[in-house]
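Data first, discussion second: the structure below is written as structure tokens.
There are 2 protein chains.
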Amino acid sequence: MAPHLVQPGWRFWRQAACTLGASVQHRTWAGVSRIPRLGSPWGATATSPRVYRSGFSTSPRAPEVMLTRERYPVRRLPFSVVSGEDLAAFERIVPGRVITDPEVLEASNVDWLRTVRGSSVLLLRPRTTEEVSHILRHCHERNLAVNPQGGNTGMVGGSVPVFDEIILSTALMNQVISFHDMSGTLVCQAGCVLEDLSRHVEERGFVMPLDLGAKGSCHIGGNVATNAGGLRFLRYGSLHGTVLGLEVVLADGTVLNCLSTLRKDNTGYDLKQLFIGSEGTLGVITAVSILCPPKPRAVSVAFLSCPGFSEVLQTFSTCKGLLGEILSAYEFMDAECMWLVTHHLRLASPVQDPSRFIPDQHTGRRYHVAESVCASEPVDPESPFYVLIETSGSRAGHDAEKLNDFLEQVLSSGLVTDGTVATDHMKVKGMGTCTST
Amino acid sequence: MAPHLVQPGWRFWRQAACTLGASVQHRTWAGVSRIPRLGSPWGATATSPRVYRSGFSTSPRAPEVMLTRERYPVRRLPFSVVSGEDLAAFERIVPGRVITDPEVLEASNVDWLRTVRGSSVLLLRPRTTEEVSHILRHCHERNLAVNPQGGNTGMVGGSVPVFDEIILSTALMNQVISFHDMSGTLVCQAGCVLEDLSRHVEERGFVMPLDLGAKGSCHIGGNVATNAGGLRFLRYGSLHGTVLGLEVVLADGTVLNCLSTLRKDNTGYDLKQLFIGSEGTLGVITAVSILCPPKPRAVSVAFLSCPGFSEVLQTFSTCKGLLGEILSAYEFMDAECMWLVTHHLRLASPVQDPSRFIPDQHTGRRYHVAESVCASEPVDPESPFYVLIETSGSRAGHDAEKLNDFLEQVLSSGLVTDGTVATDHMKVKGMGTCTST
């Protein structure tokens with residue numbers, strides 16, 4: 001590994017950015033006064049986050065974000081400053097994609113939550129691994145600091161510069177390299193947007209093993225670099241299991257090709273694992289090979305009220321047993337979360353009326369899986385805890401039977417006091433909005 | 001990581017053992033004349049491999065295995081030789097567990113396939129992580145080579161010494177530390193036998209995420225160190241996804257505690273990943289935290305004949321679509337494999353008679369899921385390819401319906417020409433023997 005080690009300074013710098021971001025995140029969520037500014041269109045109408053987020057970041061009315069270096073006691077390490085010769089060298093490597101316009105740079109210098117701001121004067125937009133390699137080799141030789149950036153959708157300020165690091169964007173590295181429709185293995189460049197990849201594989205009968213609220217903007221390379229979990233984690237597990245291979249460019253420009261597509265590969269050290277979650281500190285991910293599971297034919301979502309946290313846990317155990325292999329998500333939120341969501345984001349609580357569970361006249365059972373809609377007006381929460389359960393399976397009839405039996409058991413035993421179920425695609429999406437926001 | 005790096009010599013030495021083993025394995029399977037010696041009791045009667053394997057390794061009639069150093073052009077690196085002072089030091093660290101008896105050492109010096117043999121004069125059997133740490137610290141200071149050893153069930157000769165390395169056995173590190181029956185997280189010492197762990201978690205409603213033919217002898221630490229795949233790989237994925245944490249002792253005695261039990265953990269570098277598949281070259285795994293999925297309530301196995309390899313692939317695609325989330329294993333073997341298994345291991349081919357698929361009088365469908373038994377006498381294979389499909393689900397009725405529909409489709413379309421299905425536990429196990437051997 002010796003020849004591949006990164007510059008210690010670069011590594012430190014990126015870590016500093018992450019650490020700062022973590023504290024910023026905490027403060028942001030503690031200060032709920034910012035939340036109303038998110039507005040209601042997003043989520044409530046299931047508008048693509050890509051549209052909303054980009055609008056938010058570049059809004060001319062948005063107040064200036066304080067520079068990170070002024071807000072926090074951080075010290076710039078002795079990296080070089082970008083010179084005219086550097087700009088000329090970069091222009092030779094990525095002609096026409098060397099951005100120095102401050103207005104264009106603004107969106108890349110500020111994080112999505114608008115809490116930290118760098119002062120980079122240079123944004124580079126390579127299209128190929130070779131270009132990334134040449135850029136990093138030049139930076140390494142010139143002792144220039146670099147900030148790799150994907151979709152800039154992170155919530156912890158880790159995707160923007162702290163000082164004047166060169167921003168290396170993967171936005172133009174957005175090509176699907178291959179998809180194998182027998183194994184479900186997708187190989188693509190790191191800058192592919194997650195939603196685009198989802199569409200690509202869904203047309204072929206598969207799904208991406210991860211799904212995020214920011215899918216309309218985030219890049220797969222950034223997902224891997226931050227080891228993103230997301231909504232499908234319970235079913236398909238972490239990226240350490242689903243990422244089959246990576247191509248990475250190290251700080252000195254060396255290309256590390258671990259872009260395997262073999263699922264059952266236990267030969268030698270699995271070096272790619274080190275880059276999953278390393279947030280750009282060990283190298284720039286340029287391509288990803290990832291395993292896509294078959295697309296479920298039926299998806300249902302139940303949104304339930306639980307009288308206490310103990311019941312939330314017991315409901316989890318019960319649904320693992322009765323729903324088994326079709327359980328694909330289990331999330332909970334407390335009353336305070338529901339209050340924030342309904343009052344500030346103006347989303348409706350899916351659990352508004354006990355009549356959501358309709359007595360089933362055909363089977364004689366107490367409850368059946370009923371289609372229901374979200375209320376148009378927010379209501380006060382009435383339960384201390386809420387649970388969202390998603391099932392994904394290959395046969396709707398079997399899934400409905402399992403879900404029915406589960407609901408009957410948790411409702412009759414008092415683990416759940418109220419709830420609603422949806423199987424229609426748009427309603428499923430709408431109900432998920434409450435927890436994913 | 002600098003202070004944790006292993007002695008380069010030790011690393012090289014272990015790699016040499018693995019490389020040798022790989023070529024040995026190839027030669028062994030090409031020379032089928034050895035296979036009849038495996039005898040018929042194993043597999044045919046589902047005898048625990050633990051009993052059989054230990055009997056095989058210590059059989060007094062077994063011919064002497066040539067020393068690796070005489071068989072291959074390998075060179076001993078300038079490590080020290082174990083002295084009387086070393087023995088005294090080890091006796092203080094692991095009193096009563098310092099083994100120098102050549103007869104006892106014999107089983108640990110020879111691999112299970114009896115193809116390579118080391119000449120170690122010392123076997124140490126620590127019980128705790130602290131003891132492993134003290135042993136390695138002493139070896140590091142004295143420049144003594146070490147060979148970590150689990151159940152010694154590997155097929156590539158990587159678990160035995162090449163020369164006179166000290167054998168560090170995890171056999172007495174066999175305690176379950178904890179099991180969380182809400183999350184299914186098992187934490188245990190590295191020397192726990194896989195079958196014992198399976199029993200432990202199955203009594204609590206869970207299964208181990210991996211299963212191997214050698215489960216009666218192999219240690220979980222060895223499974224992780226070799227990144228074992230096994231029979232449940234298709235369903236539960238690789239150990240990179242299911243292992244949540246590791247405790248490892250590095251070559252200088254440093255204890256690296258990455259024994260997390262949190263599934264959705266994306267904080268910092270995931271250092272434990274480096275040790276999964278590193279085969280003891282980076283450190284000795286002393287404890288494992290692993291995620292256990294809920295135990296399926298119904299398991300079925302179908303053993304089918306396919307007329308060609310193209311049909312094997314199309315059958316795979318079809319069963320991924322129709323069986324979906326209940327598909328837990330898909331394995332294939334060709335006619336030559338079947339010939340070897342039936343003639344040399346005297347196992348019966350599960351596919352012997354087309355009447356295995358019985359017309360279903362109740363549903364009017366052409367085939368139904370029928371219980372059937374393996375023939376008692378081996379038969380000549382009649383098909384170029386065979387496929388084993390396992391389903392595991394939470395409701396037998398649903399699973400049977402899905403399997404029925406799948407069988408009807410592949411049989412009527414000619415993808416499959418013949419087959420048999422079992423749902424009874426013992427018959428399922430018996431049918432799996434054909435492919436797992």
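Note that the protein sequences, when read in sequence, are chains A and B. With full-length UniProt numbering, the residue at position 367 of the first sequence is 367, and numbering never jumps. With full-length UniProt numbering, the residue at position 340 of the second sequence is 340, and numbering never jumps. All residues carry an ideal CB built from backbone N, CA and C; glycine is no exception. Quick caveat: nothing in here was measured; it's all calculated off a predicted structure.
Please report the distance separating the alpha-carbon of residue i from that of residue j.
| i | j | result |
| --- | --- | --- |
| His125/B | Phe90/B | Reading the sequence as shown, one finds Arg at residue 125/B and not His. Rounded to the nearest angstrom, the two C-alpha atoms are 10 Å apart. |
| Glu103/A | Cys218/A | 21 Å |
| Arg142/A | Arg127/A | 22 Å |
| Val187/A | Arg76/B | 43 Å |
| Leu212/A | Ala228/A | 8 Å |
| Val146/A | Thr261/A | 29 Å |
| Ser412/B | Asn404/B | 12 Å |
| Gly205/A | Val65/A | 44 Å |
| Glu130/B | Val207/A | 46 Å |
| Pro63/B | Val224/B | 32 Å |
| Leu197/A | Arg297/A | 19 Å |
| Gly151/B | Ile389/B | 29 Å |
| Asp399/A | Glu408/A | 14 Å |
| Leu113/A | Gly158/A | 11 Å |
| Gly221/A | Ser133/A | 16 Å |
| Glu247/B | Thr226/B | 16 Å |
| Gly154/A | Glu106/B | 57 Å |
| Ile166/B | Ser278/B | 19 Å |
| Asp181/B | Ser317/A | 9 Å |
| Leu244/A | Ile276/B | 15 Å |
Using CA atoms only, rank isn't needed, just tell me which of the options is closest to residue i.
| i | options | result |
| --- | --- | --- |
| Leu122/B | Val116/B, Leu144/B, Ile99/B, Val132/B | Ile99/B |
| Gly283/A | His344/A, Leu168/A, Glu202/A | Leu168/A |
| Pro234/B | Thr226/B, Pro209/B, Ile220/B | Note on identity: in this sequence residue 234/B is Leu, with Pro being the wrong assignment. When each option's Cα is compared against that of Leu234/B, the closest is Pro209/B. |
| Glu70/A | Gly158/A, Asn152/A, Val162/A, Gly157/A | Val162/A |
| Gly309/A | Gly268/A, Glu325/A, Met333/A | Rather than Gly, the amino acid found at residue 309/A in this sequence is Phe. Cα-wise, what sits closest to Phe309/A is Met333/A. |
| Ala171/B | Leu274/B, Ile285/B, Arg114/B | Ile285/B |
| Val288/B | Gly324/B, Ala190/B, Gly268/B | Ala190/B |
| Thr267/A | Leu274/B, Asn266/B, Lys264/B | Leu274/B |
| His140/A | Asp399/A, Thr254/A, Thr420/A, Pro296/A | Thr254/A |
| Ile135/A | Val116/A, Val94/A, Cys258/A | Val94/A |
| Phe385/A | Thr423/A, Thr391/A, Met338/A | Met338/A |
| Ala329/B | Glu311/B, Asp181/B, Val299/B | Val299/B |
Below 8 Å on the Cβ atoms is my contact criterion, and I expect residue i with residue j to pass it. Report the Cβ-Cβ distance as a whole number of Å.
| i | j | result |
| --- | --- | --- |
| Ser119/A | Asp86/A | That pair is no contact at about 16 Å. |
| Ser383/B | Cys306/B | 7 Å |
| Val193/A | Gly216/A | 7 Å |
| Val416/B | Thr315/B | 6 Å |
| Ser394/A | Gly324/B | 3 Å |
| Ile326/A | Lys402/A | 6 Å |
| Cys258/A | Gly184/A | Contact flag wrong, Cβ pair sits at about 19 Å. |
Looking at the structure shown, is residue i part of a helix, part of a strand, or coil, going by DSSP?
| i | result |
| --- | --- |
| Pro78/A | coil |
| Ile290/B | strand |
| Asp353/B | In this predicted model, Asp353/B has a pLDDT of only 46, less than 50, meaning its place in the structure is not dependable; the value taken from the coordinates is given anyway. Reduced to three states, the DSSP call for Asp353/B is coil. |
| Asp86/A | helix |
| Asn109/B | helix |
| Ile135/A | helix |
| Asn404/A | helix |
| Arg204/B | coil |
| Ile276/A | coil |
| Cys192/B | coil |
| Leu262/A | coil |
| Leu323/B | coil |
| Thr417/B | coil |
Quickly, what does DSSP pair residue i with across the bridge? List them, please.
| i | result |
| --- | --- |
| Leu388/A | Phe303/A, Glu331/A |
| Ile285/B | Val248/B |
| Pro209/A | BP columns for Pro209/A are empty, so no partner. |
| Ile166/A | Val146/A |
| Glu257/A | It is worth fixing the name first, because residue 257/A is Asn in this sequence and not Glu. Glu247/A, per the DSSP bridge assignment. |
| Leu123/B | Ile99/B, Ile167/B |
| His344/A | According to DSSP, His344/A bridges with nothing at all. |
| Val187/B | Ser178/B, Ser289/B |
Going along chain E in order, which residues have a C-beta closer than 7 Å to the C-beta of residue i?
| i | result |
| --- | --- |
| Phe233/A | In the structure shown, chain E does not exist; the protein chains are A and B. |
Taking 6 Å as the line, does the beta carbon of residue i fall inside it for any heavy atom of the ligand SAH?
| i | result |
| --- | --- |
| Lys272/A | For the structure depicted, the ligand SAH is absent and the ligand set is empty, with no information on it obtainable. |
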